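Numbering (the numbering used here), first residue to last: 151 to 802. See structure below.
Structure, rendered in C-alpha cells:
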C-alpha cells in the first residue's frame, strides 16, 4: 500500500531537505536516488537547444543495441551532439521496450503492459529527474495514478476468503474491507486494527529513516551516513528486515541504524498483502533489503503519475510525427508506427520528434528522419538480433548478426543481462575490459518475473457501484487496478473521460510464475474474471460481480519471463551482493575507456524496475563515451569537476 506520510515525505521534511541540500545545481534534493546524486535534469535542460556535447571526431562510429527508452535516449543525445555515424539495433518489431502501451479500443487509455506509473520524486516541473525533462520537452500530459492506499482512489482488501486478517476472530460474514482514502490528505490508516498495527510498524521505520536522511541528503555528510546504513543492512533480505527487532527511537550515538520493522510471523503475512509502497511487496521478500529501501524511501514509490500521451491545451489528442503513417527501417521493413498514447509516448517521441542541436545539419532532424537522409550515415535495423561482439586489435568492436557484420569504434549495450547471456557471445575482451566481477555481475543478476492480465471496461464501475477502484488480495490475483484517462483543458475542465481499463491481475515473482503452466491467455483471462466475480459476489458488502462492466473480447496479457529479448521484467538483486552490483553500476566509469563498450539502462542500476534509472544510465553512457572519444562538452559542463564518481568500497 502507498504510505501517506513517509514515502511521499512529509511537507516539513521536504522543506528541511531543501534547506540542507547544497546550492550546487548538479545535486538533487531529497527524495532522490541514494547512491549517485547528480541532477541530470539540469544537464539536459541546460543543453536543451544545443545538445550535451560536440563531436570532434566526425568519423567516429557508434552502435546502440536495444531500442527501449535507454537505447533511444542514448541514441538521441549522441545524435544531438553530432555523432551521426550511428546505427541502432532492435530485435523486435517495435521500439520502446518495457514501456509498452496498447491503446484500448476507442479509448485514449492504454493497457500498460510494462511500466505504468511514473515517479517524479516531488512534483512535475520541479526539475529533479529526466522523466520530468522529457515530459516537458515532448508536451506529454499526466494525471495522478491510483495507487493502493493513496488519496487518488479507495482500496478494497480481501483476505482469508473474506473473513479478514485475524484467524482467531474471523468476520461473521465474508466482506471486502474498504480503505476509504480518496480525496483525503493525509489518508487514514487501513480499516482494521491488525492492519493498522502492521501499517504503523512500517510507518515508524520509514519516518525515522526519512527524518534523518532529509537532514543530510545532498550535503557532505551524506556519503558517510549512507555507507553506514549500507554496512548495517546490505546482508539482509527484505523478509529479514521485516522481522528484525524494531528500535523505539533513533539513537544518534548509533548513526544510520534504524532497527527493523519488528513484525511477528503473522504480521509479516499481512504485510505480504497490504505492502509498503505501491501494492503488495510480499513477492519481494527474498530480495535484498537495500532494494525496497532505495525505492520506497527515496521517492520512487510515491506521487505516481499515469502518462496520458500528447494532448493540447484544448484536451485534443495531439499526436506527433508519423502518427498513423507507415514507418520503415533501413532495409525497408515496416515496424510499429507511433501512437503517442501512454508511457510508450516517451520512446516514440525520442525516435520521431525533431531534435535541437548546435550542429546545423542535425538541428530540426529526428532520429528517424536521419535514417532516411543522405546527410548522415545513420541506420535503423529492426528485427535484428545481435549475436556477437568481438574486440579487435585496433580497439574497434565488430558486431555480428545473422545477416551481416559491422565494425564500430564504440558500442552501447542496453540488453537485459539474462537475454544478453543467452544471445550474445563476447570475444577477445580481456580482464581489463570485462573483469571477473563484471562478468559475475552479468551472470548473477536476478531478473524478476511479472504477469499482467488486462481487459477494457464498458464503464467505470467504481463510480456507479460499491466496488472500489483498487483491490488487494491474498489470492492468486494479488493486485487489481481500474484506471481511465481524464483529458482536461487548460482551465482544468474534463473534456473527455474514458471508461478505462481493468488490470485484473498484477503479479510478481512466484505469484506470476503460477500462471505459466497449462493456461493459454484466453483461459487465464476467463479464470481471472471468474475469480474476481467470485470474490465480490461472496462479500456481503458488495454482493455483485464485475464481469458485466468488462469487455471480455478485448484482453491483453503479458508474461515477461516468456519474452525472449527480456526473459524477465526487472533486474533486482539478493542480499550480500554489493561488489557485483557495484561493478555493473560503475562499469562505464572504470572500464569503458579500455573496452569501448558501454552499459546503459535499468539492468545496470540499483533501482531496477523503474524507468528513471534506465534513462539516467543511458546518459551516463553518453557522457563517458563523449569523454573517451575526445568530444567537447557544452554549456559550461565539465565532467571532471561536476560529475560525481563511484567510489569502490566494500561494506562491513
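All residues carry an ideal CB built from backbone N, CA and C; glycine is no exception. Predicted model, so just to flag it, every value in this text is computed and none were measured.
Check                                                                                                                : Outcome
Continuous alpha helix (DSSP H) stretch holding residue 389: start and end                                           : 388-393
Beta carbon of residue 201 nearer than 7 Å to that of residue 230                                                    : yes
Pick from 307, 379 and 485 that is closest to residue 346, judged by C-alpha positions                               : 307
Buried versus exposed, by CB contacts within 10 Å (16 or more), residue 444                                          : buried
Buried or exposed (CB count within 10 angstroms, at least 16 for buried), residue 648                                : buried
Contiguous beta strand (DSSP E) assignments of at least 3 residues, all confined to the stretch 686-755              : 700-709, 720-722 and 747-749
Terminal residues of the beta strand (DSSP E) in which residue 223 lies                                              : Careful: residue 223 lies outside any beta strand (DSSP E), inside the alpha helix (DSSP H) at 219-230.
Coarse secondary structure for residue 156, derived from DSSP in three states                                        : The predicted model places residue 156 with a pLDDT of 39, which falls under 50 and marks its position as unreliable; any figure quoted below should be read in that light. Three-state DSSP puts residue 156 in coil, outside helix and strand.
Residue-level contact to chain D via CB, residue 196, 7 Å cutoff                                                     : Absent here is chain D; the protein component of the structure consists of one chain.
Residue 618 versus residue 305 - alpha carbon distance                                                               : 6 Å
Whether residue 325 touches residue 688 by CB criterion (7 Å)                                                        : no
Contact check, residue 569 vs residue 360, beta carbons under 7 Å                                                    : no
Close Cβ partners of residue 389 (< 8 Å) along its chain, the five nearest in sequence each way excluded             : 418, 435 and 436
Residue nearest to residue 526 in terms of C-alpha spacing, selected from 589, 209 and 180                           : 209
Where residue 800 falls: helix, strand or coil (DSSP)                                                                : coil
Reduced DSSP secondary structure (H/G/I, E/B, other) of residue 679                                                  : helix
Reduced DSSP category for residue 499 - H, G, I as helix; E, B as strand; rest coil                                  : helix
Where residue 645 falls: helix, strand or coil (DSSP)                                                                : strand
Rounded C-alpha distance that separates residue 310 from residue 624                                                 : 7 Å
Residue 633 and residue 296 closer than 7 Å at C-beta                                                                : yes
Counted within 10 angstroms of its Cβ, other Cβ atoms place residue 702 as buried (16 or more) or exposed            : exposed
N-terminal and C-terminal residue of the beta strand (DSSP E) that residue 654 is part of                            : 651-658
Inter-residue CB distance, residue 534 and residue 551 (contact presumed, cutoff 8 Å)                                : 5 Å
Cβ shell of residue 247 (< 6 Å), same chain only, five flanking positions each side left out                         : 218
Cβ-Cβ distance between residue 216 and residue 776 below 7 Å                                                         : no
Segment contact flag, the stretch 571-579 with the stretch 784-792, C-beta cutoff 8 Å, min 3 pairs                   : no
Other residues of its chain near residue 678: CB distance less than 7 Å, five sequence neighbours each side excluded : 603, 627, 654 and 655
Euclidean distance between Cα positions of residue 292 and residue 410                                               : 36 Å
The stretch 761-779 touching the stretch 607-622, judged by at least three CB pairs closer than 8 Å                  : no
Own chain partners of residue 761 with C-beta closer than 7 Å, once the 5 adjacent residues on each side are dropped : 219, 249, 265, 268 and 281
Counterpart residues of residue 236 in DSSP-defined beta bridges                                                     : 212 and 528
Whole-angstrom distance between residue 658 and residue 670, CA atom to CA atom                                      : 18 Å
Residue 252 to residue 370 span [Cα, whole Å]                                                                        : 45 Å
Residues near residue 511 in its chain [Cβ-Cβ closer than 6 Å; skip 5 each side]                                     : 525
Closest Cα partner of residue 294 within the set 332, 719 and 380                                                    : 332
Where residue 270 falls, given that 16 or more other Cβ within 10 Å makes a residue buried                           : buried
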